[in-house]
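Reviewing the structure listed below.
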Amino acid sequence: MKKLAALVTLAIAGAAFAQPYNLRGSFNGWGESPMNDNGDGSWSLTVAAGAPGSLVEFKVAQNDWASSWPGSNVRAAVDGAGNLTAHFYPGPIADGWNPAGDRVGYSDPLQFGWEIQGSFNGWNDAVDTAARQMSNLGNGLYRVDYTIASAGVHDFKFRKSNSWDTSIGPDMGEGSGNIQITTAVPNELLRFELDLPRGRWRVIPEPMTMALVGSGLGLVALRRRARKA
């Protein structure tokens, strides 16, 4: 009996260890919905989240709220079937993208497009409207090549096209401040990429002349600053 009890205890402990991450959001009352281990170091879960196109907020958490990611809530649209599929990539990741680890993403709901908005266009919706729109490359990957006129430090965010209903900052969260980059020369062409399912983004200089600010952040320096209204 003691041996059986020990085996049961180990089985329960093993099951708990196999599902250490929970999806918590506005769609489940911020309760715990265990995520599934994909077997490749990532975790995912699809949940019924509400009316198609509606906006929800969520995080990935561990040990109740002892640890949670990202720092601010992710805000995403519900897909056409009324679902949200979230993904989590724990630990450090050295692949040239940001953030550098513990990434939270979601499958593209295909409810709207994305653009970049920042100090380089005066945070003005009427400036470079078409040039700032990102192309949908499929599988949740968006890209735009944009020329920044002046050299120096620039703040920006990824956001829903022509709207602040939802935006993405350094850690993929809605309220995580602006992303900050530094260009070395006038009229520098940069490639901005956003990968929604993998919870990552990057800015690639074209050509490779963008100055690196800070350390450990690849080609882009981050700084938490409030966006302009």
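Under numbering that gives the first Met the number 0, the letters of the sequence shown match residues 0 to 228, in that order.
Ideal Cβ placement from N, Cα and C applies to all residues, glycine included.
Contact between the segment 128–143 and the segment 29–37 is absent: fewer than 3 CB-CB pairs across the two stretches fall below 8 Å.
Apart from sequence neighbours up to five positions away, the residues of its chain that approach residue 61 with a beta-carbon distance below 6 Å are 19 and 20, ordered along the chain. Taking the Cβ atoms as the reference, residue 24 lies roughly 16 Å from residue 51, outside the contact range of under 8 Å.
Residue pairing of residue 36 in beta bridges, as defined by DSSP: 42. The Cβ neighbour count for residue 176, taken over all protein chains shown within 10 Å, is at least 16; the residue is labelled buried. The alpha-carbon separation between residue 55 and residue 85 amounts to approximately 12 Å. Residue nearest to residue 188 within the set 145, 197, 159 and 158 is 145 (criterion: CA-CA distance).
Between the segment 83–101 and the segment 143–160 there are fewer than three inter-stretch CB-CB distances shorter than 8 Å, so the stretches are not counted as touching. Around the beta carbon of residue 73, 16 or more other beta carbons lie within 10 angstroms, which makes this residue buried.
According to DSSP, residue pairing for residue 24 in a beta bridge involves 57. Bounds of the beta strand (DSSP E) holding residue 70 are 66–76.
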